[in-house]
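What follows is a short report on a single structure.
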Amino acid sequence: MLFLDQQRLDPTPPNYTLAYCFVTSPGTSASREIAELLGDGLRLTQEAADDIISRHGLGGSGAAALDPENAAAALRHQMLRLADITSSQSIATAQFQQGLSAGMARIGGGFDDLSTIISSMIALAANAERDLAAAAVETDRLRQDLDAARTDANIDALTRLPNRRAIDAILSKLEEANVPRTLAFCDIDRFKRINDNHGHAAGDRVLAAVAKVLGDACHGKAVVARWGGEEFVAVFEHMAVGDAAVVLESARRSLAQKRFKVRETDEPLGIVSFSAGVAGGIGPNSVISAAADARLYRAKKAGRNMIISAGVEHR
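Heads up: the sequence shown begins at 1 in full-length UniProt numbering, then just goes up one per residue.
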């Protein structure tokens, strides 16, 4: 959104909600507070944005997922605005046509009358052209906002991976079409300890790094999504369980080679790893998911930092 770009704010769901409130509801206390800050020639900092979001109940800070109900409400509001623009332009067109008809009926009263009528028609045409141009700009902006809202509703703000809502839709389509698929649940090992010892900012950076490692390893082979918390899911179409496990093993080894540090203190985080369970088939997603989840649990119980597919362990 243009507002976020102008203020140099990240396109996170809370920031998007704040921008949406400011653009569409200028009369609210939050919008007036933003306008006052901007009126002083200041840029809206992330700290100020978080404060306004918190005090006015516009959503959490950080990488909280976008509420689908809020996204649906935003889409509905934008569609109503688009319908209003269309209706207004239909009325303007009808008025222009009526003006033309009335002008044609008056022609014949002499040169002065003709000159007045032509001037009036030119003015009407100019007004109509200006209104239509403005409507075209507004319509295009609304289309961009609608696209952004649809995208945000299916993307995890922190990792920029598809979220659970998006992957559930993909899995449903694959199940309906009886497409052979392999699912892998990947869970970061001892993630709570990272958060507890080094803070949520360090935890967020670890989540983003693991997401990138998985995404790079599975690029062109699977859809990787954030399932929730520190857990990710990879969906492979037409790929055997063993082959999918090999792909994930490359990601596991790549992650094990990285050395993470706390940005603020340069303190080492140690080795970051994940465990995974892999299962596949053409049956119901619930059955495949349960099998993959059970294998993930086995990997955790067996010592973590490994991938289990059927009876095979990769470590």
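All C-beta atoms in this analysis are idealised placements derived from N, C-alpha and C, irrespective of residue type, glycine included. What you are looking at is a predicted structure, and each value in this text was computed from that prediction instead of being measured.
Distance check for residue j and residue i, CA to CA, integer angstroms please.
i: Asp196; j: Ala202; result: 10 Å
i: Glu47; j: Leu214; result: 31 Å
i: Pro68; j: Ala30; result: Since pLDDT at Pro68 reaches only 49, below the 50 mark, its modelled position is unreliable, and the value read off the structure follows with that caveat. The straight-line gap from Cα to Cα measures roughly 22 Å.
i: Arg263; j: Leu207; result: 14 Å
i: Ile170; j: Asn15; result: 27 Å
i: Val210; j: Arg253; result: 12 Å
i: Glu231; j: Ala251; result: 15 Å
i: Leu44; j: Thr17; result: 14 Å
i: Lys301; j: Gly39; result: 58 Å
i: Arg295; j: Leu269; result: 27 Å
i: residue 334; j: Glu176; result: No answer is possible for residue 334: it lies beyond the span of the chain, which begins at 1 and ends at 315.
i: Pro180; j: Glu237; result: 6 Å
i: Asp5; j: Tyr20; result: 13 Å
i: Ser25; j: Arg130; result: 25 Å
i: Ile52; j: Glu33; result: 8 Å
i: His56; j: Val278; result: 44 Å
i: His219; j: Asp168; result: 19 Å
i: Met239; j: Ala166; result: 21 Å
i: Asn178; j: Asn285; result: 10 Å
i: Ala217; j: Ala244; result: 11 Å
Relative to the alpha-carbon of residue i, which residue among the options has its alpha-carbon at the smallest distance?
i: Ala256; options: Ile271, Ala245, Ser309, Pro284; result: Ile271
i: Ala184; options: Gly39, Tyr297, Pro14, His56; result: Tyr297
i: Asp204; options: Gly229, Lys221, Gln144; result: Gly229
Thinking C-beta only, is residue j closer than 7 Å to residue i?
i: Glu249; j: Ile307; result: yes
i: Val235; j: Ser309; result: no
i: Ile188; j: Phe274; result: yes
i: Gly303; j: Thr182; result: no
i: Cys186; j: Ala49; result: no
Are there 16 or more other CB atoms within 10 angstroms of the CB of residue i, so buried, or fewer, so exposed?
i: Ala64; result: Low per-residue confidence applies at Ala64: pLDDT is 37, beneath 50, and the placement is therefore not dependable enough to give any value.
i: Thr12; result: buried
i: Gln7; result: buried
i: Asp10; result: exposed
i: Val247; result: buried
i: Asp266; result: exposed
i: Val233; result: buried
i: Gly283; result: exposed
i: Ala153; result: buried
i: Asn305; result: buried
Segment contact flag, the region 158 to 169 with the region 220 to 230, C-beta cutoff 8 Å, min 3 pairs = Taking a contact to require three or more Cβ pairs closer than 8 Å, the region 158 to 169 and the region 220 to 230 qualify as touching.
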